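*Asks:* I have a structure I would like to understand better, so I am pasting it below and will then ask my questions one at a time.
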Amino acid sequence: MAADYSTLVKDQKEYFNSGSTRSTKFRKKNLKKLKGILKQNEKRMESAIYSDFKKSSFDTFTNELALVYLDIDEAISKLDSWSDRKRVSTNLLNFPGRSYIYPEPLGSSLIIGAWNYPFQLSFAPVVAAIAAGNTVVLKPSEVPSATSTLMKEMVNENFESHYFHVVEGGVEETTQLLSCKWNKIFFTGSVPVGKIVYQAAAKNLIPVTLELGGKSPAFITKGANLDVAARRIVWGKFLNAGQTCIAPDYLMIDAEVKDKFLKILIDRIKEMDFSFENENYVQIINEKNMDRLEKLIDEDKVVYGGKMNRENRYFQPTVMDNVSFDDKVMQDEIFGPILPVLTFESLDVAINQVRALPRPLSCYVFTKKRSIKEKVIKELSFGGGAINDTIMHISNSNLPFGGVGSSGIGSYHGKAGFGAFTHYKSVLDKPTWFDPNVKYPPYTKLKKKLVRWLLGFK
Ligand code: NAD
6 MAADYSTLVK DQKEYFNSGS TRSTKFRKKN LKKLKGILKQ NEKRMESAIY SDFKKSSFDT
66 FTNELALVYL DIDEAISKLD SWSDRKRVST NLLNFPGRSY IYPEPLGSSL IIGAWNYPFQ
126 LSFAPVVAAI AAGNTVVLKP SEVPSATSTL MKEMVNENFE SHYFHVVEGG VEETTQLLSC
186 KWNKIFFTGS VPVGKIVYQA AAKNLIPVTL ELGGKSPAFI TKGANLDVAA RRIVWGKFLN
246 AGQTCIAPDY LMIDAEVKDK FLKILIDRIK EMDFSFENEN YVQIINEKNM DRLEKLIDED
306 KVVYGGKMNR ENRYFQPTVM DNVSFDDKVM QDEIFGPILP VLTFESLDVA INQVRALPRP
366 LSCYVFTKKR SIKEKVIKEL SFGGGAINDT IMHISNSNLP FGGVGSSGIG SYHGKAGFGA
426 FTHYKSVLDK PTWFDPNVKY PPYTKLKKKL VRWLLGFK
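In terms of my numbering, the sequence shown opens at residue 6 and continues consecutively.
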């Protein structure tokens with residue numbers, strides 16, 4: 006039986022209502038404190054995540070911790086401006102008033118993390134929530150259990166539970182947490198669980214950010230720099246053994262360049278060395294996912310890889326050629342190191358085929374032609390993406406990160422993250438020295454004429 010979290014939520018709401026979290030000084034102090042704790046525990050974090058799925062210290066630093074540190078630094082330096090009241094122009098109808106937008110923290114926030122980048126996907130939203138002046142309960146994914154336990158220790162030993170607290174657990178605990186009346190829920194995870202979270206939030210009209218997944222395509226067009234494209238696709242696909250929400254899920258490649266490209270692609274895979282002995286190639290997270298991935302492989306279509314070792318949960322980078330949209334591997338997000346290759350004769354047809362699928366979290370297009378870049382960007386709806394690269398858009402905090410349609414609701418990183426945990430309160434400030442009676446009854450023809458003029462109608 007999962008614990009009852011109503012006291013935790015009540016305490017956080019009381020603390021929030023006391024106004025303690027509001028000042029930017031308090032927020033900065035706690036962001037600095039969090040950074041200090043993370044830095045102090047870097048070695049422990051490396052060991053925990055290594056024991057969970059053999060993520061190397063290079064990967065832990067570059068794609069987990071560095072991103073969080075950068076987020077903290079940016080929030081500290083921009084917090085004053087982000088949280089400041091902004092004056093906006095006032096329309097003639099409200100002359101001589103003044104109009105303002107007051108950013109206000111939403112309150113008690115629940116953040117639910119996914120397992121594939123357990124530190125980054127937990128702490129990046131936490132940084133945004135703290136920067137915006139909220140209280141936080143973090144529920145990391147239970148799947149990388151050593152990492153989850155370490156996060157709990159680091160946070161709960163250093164922060165008061167009425168301000169920032171970690172609750173460990175799986176479905177039962179999350180279900181219990183979701184039944185509470187939060188002021189904000191921020192969820193990262195799969196589409197099916199995203200629907201559960203959305204429904205639970207709807208019961209109490211809680212605003213949500215849903216960072217979900219999907220099948221992100223990468224288009225390779227003729228005339229693209231195939232060498233660079235291959236390197237960047239191999240890196241983006243096999244980083245974290247393909248367990249990346251914005252990994253290129255499948256390739257859509259112009260039939261004219263396919264054979265040449267596949268040759269280069271396979272050479273690059275060999276060069277980058279994704280053997281089990283390579284420190285920087287991670288394990289598949291668990292047996293369940295090994296089983297799931299194995300079933301996606303059609304041996305007749307494998308042109309590279311296909312080997313796996315259940316004992317150490319190693320899954321070799323695998324390329325499958327001549328894949329069609331009907332194949333098993335094309336039915337759901339792969340979330341592993343299998344790269345299906347589909348060809349097209351006409352980019353228009355290819356775009357239409359992708360458009361028939363749920364809107365992806367990311368999309369990549371490799372081309373030198375401006376017309377092709379524009380075409381893909383304008384004709385396909387996707388969360389975010391890159392031209393002639395993969396994954397890297399996540400590293401620019403000026404680009405709001407999030408999905409569209411079934412790949413998610415809302416966005417974060419940088420100022421967008423601050424906005425995800427903020428209500429922008431609009432206020433019109435009117436002086437009392439001027440109070441014309443135009444809007445007050447009794448109404449006359451002249452008043453109507455005046456109102457029309459004030460509203461800009463002839
Ligand atoms: P998941 O949906 O299985 O789990 C996410 C969280 O939800 C975990 O904390 C888990 O404990 C909880 N959970 C699981 N089942 C639940 C249930 N029935 N009721 C309530 N809570 C439940 O996702 P995952 O396997 O951890 O992560 C993989 C998915 O997340 C992929 O689809 C991936 O694309 C997506 N993802 C998205 C992003 C993004 O930023 N958009 C980032 C990483 C992963």
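Glycine included, every Cβ here is placed at the ideal spot set by N, Cα and C.
Computed from a predicted model, the values in this text were never measured in an experiment.
#1: Identify, in the order they occur along the chain, each residue of the same chain with its Cβ nearer than 7 Å to the Cβ of R85, setting aside the five sequence neighbours on each side.
#2: Just to check my reading of the structure: G118 and K157 have Cβ atoms closer than 8 Å, yes? What is that Cβ distance to the nearest angstrom?
#3: Got a sec, what are the start and stop residues for the alpha helix (DSSP H) P197 sits in?
#4: May I have the straight-line CA-CA distance separating E292 from G408, to the nearest angstrom?
#5: Using the three-state DSSP reduction, which class does A391 fall into: helix, strand or coil?
#6: Can you check which of these residues, Y107, Q358, L362 and K373, is closest to N230 by C-alpha distance?
#7: For the alpha helix (DSSP H) containing L43, name the first residue and the last one.
#8: Tell me the DSSP secondary structure of D259 in three-state form.
#9: Buried or exposed: where does L97 fall if 16 or more other Cβ atoms within 10 Å of its Cβ makes it buried?
#10: Could you check the C-alpha separation between Q321 and R92 for me, to the nearest Å?
#11: Taking the straight line between their C-alpha atoms, what separation do you get for I201 and K453?
#12: Near K220, what residues of its chain come up, given a Cβ to Cβ distance below 8 Å and the 5 sequence neighbours on each side ignored?
#13: Which residues in the same chain have their Cβ closer than 6 Å to the Cβ of V308, if we skip the five residues on either side of it in sequence?
#14: What's the call for D434, buried or exposed, on a 16-neighbour Cβ count within 10 Å?
#15: Label Q204 either buried or exposed according to how many other C-beta atoms from any shown protein chain fall within 10 Å of its C-beta, with 16 as the threshold for buried.
#16: According to DSSP, P110 sits in a beta bridge with which residue or residues?
#17: Using the Cβ count rule (16 or more neighbours within 10 Å means buried), how would you classify E367?
#18: Checking the sheet assignment: what are the DSSP bridge partners for K452?
#19: Can you list, in chain order, the residues of its chain whose CB lies under 6 Å from that of F330, leaving out five sequence neighbours each side?
#20: How big is the Cα-Cα spacing for D394 and L270?
#21: Find the nearest neighbour of S62 within the set T437, N283 and W458, judged by alpha-carbon distance.
#22: Per DSSP, what kind of secondary structure is R103 in: helix, strand or coil?
#23: Using DSSP with H/G/I as helix, E/B as strand and the rest coil, what is I117?
#24: Which stretch, first to last residue, makes up the alpha helix (DSSP H) that contains E384?
#25: Who are the near neighbours of S104 in its chain, counting only those whose CB is closer than 8 Å to its CB and skipping five residues on each side?
#26: Which residue marks the beginning of the alpha helix (DSSP H) containing M159, and which one marks its end?
#27: Answer yes or no: the CB of C250 versus the heavy atoms of ligand 1, is any distance below 7 Å?
*Replies:* A quick look at the data gives this:
#1: Translated into the one-based positions of the sequence shown, residue 85 becomes position 80. Position check: residue 85 holds Asp in this sequence, whereas Arg was assumed. Counting only Cβ-Cβ distances below 7 Å, and skipping sequence neighbours, we find T29.
#2: Taking the first residue of the sequence shown as position 1, residue 118 is located at position 113. Taking the first residue of the sequence shown as position 1, residue 157 is located at position 152. With 8 Å as the limit, G118 and K157 do not qualify as a contact, their Cβ atoms being about 12 Å apart.
#3: Working through the sequence shown from its first residue, we reach residue 197 at position 192. In the DSSP assignment, P197 falls within the unbroken alpha helix (DSSP H) covering V196 to K208.
#4: As a working note, residue 292 is residue 287 in the sequence shown. As a working note, residue 408 is residue 403 in the sequence shown. One C-alpha to the other measures close to 28 Å.
#5: By one-based count along the sequence shown, residue 391 stands at place 386. Strand, per DSSP.
#6: As a position in the sequence shown, residue 230 is number 225, starting the count at 1. Nearest of Y107, Q358, L362 and K373 to N230, Cα basis: K373.
#7: Locating residue 43 in the sequence shown gives position 38, where the first residue counts as 1. Run containing L43: T29 to Q45, per the alpha helix (DSSP H) assignment.
#8: For the purposes of this step, residue 259 is identified with residue 254 of the sequence shown, where counting begins at 1. In this structure, D259 counts as strand in the three-state DSSP scheme.
#9: One-based indexing of the sequence shown puts residue 97 at position 92. Classification of L97: exposed, given that the 10 Å Cβ count is below 16.
#10: The residue given as residue 321 occupies position 316 in the sequence shown. The residue given as residue 92 occupies position 87 in the sequence shown. Each residue's alpha carbon lies about 56 Å from the other.
#11: Working through the sequence shown from its first residue, we reach residue 201 at position 196. Working through the sequence shown from its first residue, we reach residue 453 at position 448. Cα to Cα, the separation comes out at about 51 Å.
#12: Reading the sequence shown from its first residue, position 215 is the one you call residue 220. For K220, where only same-chain residues beyond five positions count, the Cβ hits under 8 Å are D254, Y255, M335, D337, E338, I339, L362, P363 and P365.
#13: The residue given as residue 308 occupies position 303 in the sequence shown. For V308, where only same-chain residues beyond five positions count, the Cβ hits under 6 Å are V324 and D326.
#14: Sequence index remark: in the sequence shown, residue 434 carries index 429 (1-based). Label assigned to D434: exposed.
#15: The residue labelled residue 204 in the question sits at position 199 within the sequence shown. The residue in question, Q204, is exposed, as its Cβ has fewer than 16 Cβ neighbours within 10 Å.
#16: Here residue 110 refers to the residue found at position 105 when the sequence shown is read from its first residue. According to DSSP, which records beta bridges pairwise, P110 is partnered with T427.
#17: Against the sequence shown, residue 367 aligns to sequence position 362. It should be noted that the sequence gives Ser, not Glu, for residue 367. By the neighbour-count rule (16 or more Cβ atoms within 10 Å), S367 is buried.
#18: Translated into positions along the sequence shown, residue 452 becomes position 447. Paired residue(s): none; K452 is not in a bridge.
#19: Within the sequence shown, numbered from 1, the residue matching residue 330 stands at position 325. Same-chain partners within the cutoff: there are none.
#20: The residue labelled residue 394 in the question sits at position 389 within the sequence shown. The residue labelled residue 270 in the question sits at position 265 within the sequence shown. For D394 and L270, the distance between alpha carbons rounds to 14 Å.
#21: As a first step, residue 62 is located in the sequence shown; it is residue number 57 there, counting from the start. Of T437, N283 and W458, the residue nearest in Cα terms is N283.
#22: Walking along the sequence shown from the start, residue 103 turns up at place 98. Correct three-state label for R103: strand.
#23: Here residue 117 corresponds to residue number 112 of the sequence shown, with the count starting at 1. Three-state DSSP puts I117 in a strand.
#24: Counted from its first residue, the sequence shown places residue 384 at position 379. Residues R375 to E384.
#25: Within the sequence shown, the letter at position 99 stands for residue 104. Cβ neighbours of S104 beyond the five flanking positions: R92, V93, S94, T95, S431, V432, L433 and D434.
#26: Sequence index remark: in the sequence shown, residue 159 carries index 154 (1-based). Run containing M159: S150 to N161, per the alpha helix (DSSP H) assignment.
#27: One-based indexing of the sequence shown puts residue 250 at position 245. Checking the Cβ of C250 against ligand 1 gives yes.
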